[in-house]
Amino acid sequence: MSQEQEKNYLENGEGFASWFFTVDHKRIGIMYLWAIGVFFIIAAIASFLVRFEHLTPGQTIMTAHTYNVLFTLHGSMMVFLFIVPGVAASFGNFLIPLMIGAKDVIFPKLNLYSFWLYLLGAAVFMIALAAPADTGWTFYTPYSIESGANVILITFGIFILGFSSILTGINFIVTMHKLRAPGMTWDRLPLFCWAAYATSLLQVLATPVVGITLLLLIGERFFGLGFFDPARGGDPVLFQHFFWFYSHPAVYIMILPAMGIISEVIPVFSRKPIFGYKAIAYASLAIALISFLVWGHHMFVSGQSKLINVIFSVITYAVAVPTAIKVFNWLWTLYKGSIELSTAMLYSLAFIFLFTIGGLTGLFLGALAADVHLHDTYFVVAHMHYVMIGGTVFGFFAALHFWYPKMWGRMFDEFKAKIAFVLIFIGFNVIFFPQFILGTLGMPRRYFNYAPEFQSLHQLSTYGTWIGAAGFILMLWTLMRPLPGKAPGNPYRSLSLEWSMDSPPGTFNFDEIPTITEPVYNYGTKIEEES
Amino acid sequence: MNWLPVSASTFAPGVDFVLWLVTIISVISCILIGFLLVYFVIKYRRKSDNDQTPAITHDSFLETLWTVIPTILCIVIFIYGYVFYDQYTTTPKNAVEINVTAKQWLWTFDYSNGKKTLNELYVPIGQPIRLVMQSDDVLHSFFVPAFRVKQDLMGNRYTYINFTATKEGVFDIYCTEYCGTAHSNMLGKVHVLSKEKFASWEDGSAKKVQKASSNLPPAEVGRQLYSDKGCVACHSIDGADGVGPTWKGLFGKNRIFADGTSILADENYIKESILYPGEKIVEGYGPVMPSYKGLLEDSDITAIIEYIKSLK
Ligand SMILES: [Cu+2]
Ligand SMILES: [Cu+2]
């Protein structure tokens, strides 16, 4: 390829300014990756300490207040600084133009601006947390108003972060509408792009609610209007409605991109077209839309009316079905394939299994009678971590390994990476599986102290964090030390567009905008289908 | 190992039924998916780079199957979840009301006969009970795992729980809505008594029920009151700092107050601190301790004092 003369995007410019002021979508994606990586590690350390505290009931290494601060830090950083903006903004930026055959996103400067806003929002958020808040990541009123945690500043931080997400979302949507290469019809669009599209829709539509909440909080604090504080005639449950009206769609902002990732990885390492392309694409959109109508299932025991509870329960099950369909589609892609267990594939297969557990345990929580018992216990903690780690983080790790050659132009040590995977997989299950049982037994969440009969399960869960941490460190170690030699442009014989150029790509991706003539994932031979 | 707590209310079997139902569905689905995953990975592992693979992209039969079956299962789960929930939220006509007030980090129970208890709820077996609940401050949530009931409490409106206990015994009450520093110490107990025992608890004094403990040494009674009456939420006995000062070494120590005055901690000071906690605020702490006036008898206070004395 003629790109040999052109410098690749990593070499094209050196020093801080060449990155901080770049409009190259790939560099912006990489900067997001570093930023969310840092927050992920800080938040993970907080959770490690929280788990360590649970080795014994009562005080082990910290006071109740420190414990409360740490779990707040862990939850809010993971959600607002890592997982919501994370996968979409990092891999989305890097991949979407490459996958649709464009030289960049449609508004490159806006894209850089979004990244700056992300940094600004993160800074405000960190300053606000330094208070330090001990409210839990949900910031429920009136405790959050009374506790001295600066909810307004925190919300303001989330608001700025939200702006960044909205702008990124708009950028992605318009890019996918306007910059698809000739022949890249919607039904040839890679599923990662479909997922990013659905995610972007959610970001654009749901995030403004954070802004409204912020306005109401300001009205309450500075103008004495009673919205959420019972002391002023407000209703604390209203805050929960606002919170979940944003945060429930946000759950899908977190998981959809990971679903997109594994929809890319599985066909490549099975050498099969993805099973039910349309079903997966439409399921993404269906999930995105229905997700706006289920927020009340977080509030079955909050005091909202019985009728509303019933309605939310019904709609919640309506989301379960498209999700189940996706799982079976991924599974059936393996059928009669030629399966290679690369590290990225291992993470993707683990995703299918763990996400299935996460989804199935959601069925418990959607059932009204069962939720009354399980709400706010460790069952919920385990359920959401199966979805958020077993789902999103495993998907994210799959992406880190899968597109590693494309991003960095080097290969990594697959063997070490697989050992790391095994440790992470085991560690994860040892941490969270016992928590399901803690939950059904009635152990409430956010408990510094606990009854002695729960100790053995708590200890088991804590041991899991040590295994998981060892795996994570090994993974980082492996990825930080690439193998010598340059990576080939297409090490996996993938048919997707992003593998059609050198690794790493040149600054403008394609010398010439390609013309697409085949469906995406065009693996395998057509013989059987005709019979 | 048991994965469910004891079942001690009329609602519990319904909840357990739903839990079992979904567990069975989940385990079967997990085994099915896990099995297929491993089976495919082994059976169709890559033998060579030139493996021929069929380009299967659709299968109407399978796709219908895995749309219809999950839909049916979801409907079934929803219905059972709803039916038992409906029973739980419908108040029986003959239900007896008990008022519950939560505040950081205590439960108070007011009975229709004028009795008042702290952190200890007394109910007769077999009698439908309706808890009428509210919070004095932030959100709390009343949870009795053995009854499978849970409901948030808030400051601006009443919320309710219905239950009928089916087993005598003592069961845990947890606060399950995060409510601040001592959230995990906001604990209580439900005492389910036989009809006769309940009647004698009602017309006698609470002492009768506590009879068993009354021949214990006072310091021992004090130790029980320490956890039963919720002091444990804020005071430690091992020197650790909490919402309130530790009791370890408290007796006989010189106390310095927020207003700069000081006093030696003797019996009278401790009694005053329990009945009128707002009078003297220990330096470095907030005025958050509730008054126990009317909630503790003099003999209880004496017992607590003895207990504090014993914590050297
Ligand atoms: Cu509480
Ligand atoms: Cu609480």
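Protein chains in written order, with this note's numbering: chain A, 3 to 533; chain B, 6 to 317.
Each residue gets a CB set at the ideal place from its N, CA and C atoms; glycine is no exception.
- For residue 204 of chain B, none of the residues of chain A pass the 9 Å Cβ criterion, the least Cβ distance being about 30 Å.
- Between the alpha carbons of residue 96 of chain A and residue 40 of chain B lies a distance of about 35 Å.
- Comparing alpha-carbon positions, the option among A:527, A:525, A:517 lying closest to residue 187 of chain A turns out to be A:517.
- Interface annotation, residue 290 of chain B: not in contact with chain A, CB-CB separation never under 9 Å.
- Per DSSP, the unbroken beta strand (DSSP E) holding residue 259 of chain B starts and ends at 259 to 261.
- Assigned with DSSP and collapsed to three states, residue 97 of chain B falls in coil, not helix or strand.
- Looking only at B:241, B:175, B:282, B:68, the smallest Cα-Cα distance to residue 291 of chain B is reached by B:282.
- Leaving aside the five residues that flank residue 232 of chain A on each side, the residues in its chain whose CB is nearer than 7 Å to its CB run, in chain order, 144, 238.
- Between ligand 2 and the CB of residue 185 of chain B, the shortest heavy atom gap is smaller than 8 Å.
- Here residue 369 of chain A is near residue 315 of chain A, since their CB atoms are less than 9 Å apart.
- At a cut-off of 9 Å between beta carbons, residue 79 of chain B contacts chain A.
- In summary, residue 167 of chain B is buried, with 16 or more beta-carbon neighbours lying within 10 Å of its beta-carbon over all protein chains present.
- Taking the Cβ atoms as the reference, residue 466 of chain A lies roughly 14 Å from residue 424 of chain A, outside the contact range of under 8 Å.
- If you keep only unbroken alpha helix (DSSP H) runs of at least 4 residues inside the region 205 to 236 of chain A, you get 210 to 225.
- Residues of the region 417 to 450 of chain A with a Cβ closer than 9 Å to any Cβ of chain B, in chain order: 438, 439, 442, 443, 444, 445, 446, 447, 448, 449, 450.
- Residue 51 of chain B and residue 273 of chain A have their C-alpha atoms some 9 Å from each other.
- Within the region 45 to 66 of chain A, 61, 65, 66 place their CB atoms closer than 7 Å to a CB of chain B, listed in sequence order.
- Taking a Cβ-Cβ threshold of 7 Å, the residues of chain A close to residue 155 of chain B are 303, 374, 375, 377, in chain order.
- In the DSSP assignment, residue 156 of chain B falls within the beta strand (DSSP E) that extends over 154 to 158.
- Per DSSP, the beta-bridge partners of residue 145 of chain B are B:158.
- 9 Å or more divides the Cβ of residue 170 of chain B from the Cβ of residue 226 of chain B.
- Judged by DSSP in its simplified three-state form, residue 422 of chain A adopts helix.
- The alpha-carbon of residue 331 of chain A is positioned some 7 Å away from that of residue 282 of chain A.
- Not flagged as an interface residue toward chain A: residue 106 of chain B, since no C-beta distance is shorter than 9 Å.
- Residue side-chain check: residue 138 of chain B keeps its Cβ at 8 Å or more from all non-hydrogen atoms of ligand 2.
- Shortest Cα-Cα distance from residue 43 of chain B to any of A:45, A:156, A:337 involves A:337.
- Nearest in C-alpha terms to residue 85 of chain B, of all of B:23, B:30, B:307, is B:23.
- Taking all protein chains in view, the Cβ of residue 347 of chain A is crowded by 16 or more other Cβ atoms within 10 Å, so the residue is classified as buried.
- In the three-state scheme derived from DSSP, where H, G and I count as helix and E and B as strand, residue 446 of chain A is classed as strand.
- Cα atoms of residue 159 of chain A and residue 124 of chain A: separation of roughly 7 Å, rounded to the nearest angstrom.
- Residue 36 of chain A and residue 479 of chain A have their C-alpha atoms some 15 Å from each other.
- Note on residue 76 of chain A: 16 or more other CB atoms within 10 angstroms of its CB, so buried under the neighbour-count rule.
- Residue-level contact by beta carbon holds for residue 342 of chain A and chain B, with a gap shorter than 9 Å.
- The DSSP assignment places 238 to 272, 279 to 292 as complete runs of the alpha helix (DSSP H) inside the region 231 to 312 of chain A, in order along the chain (cut-off: 4 residues).
- For residue 110 of chain B, the shortest C-beta to heavy atom distance toward ligand 2 is below 8 Å.
- Ranked by Cα distance from residue 319 of chain A, the first of A:344, A:363, A:355 is A:363.
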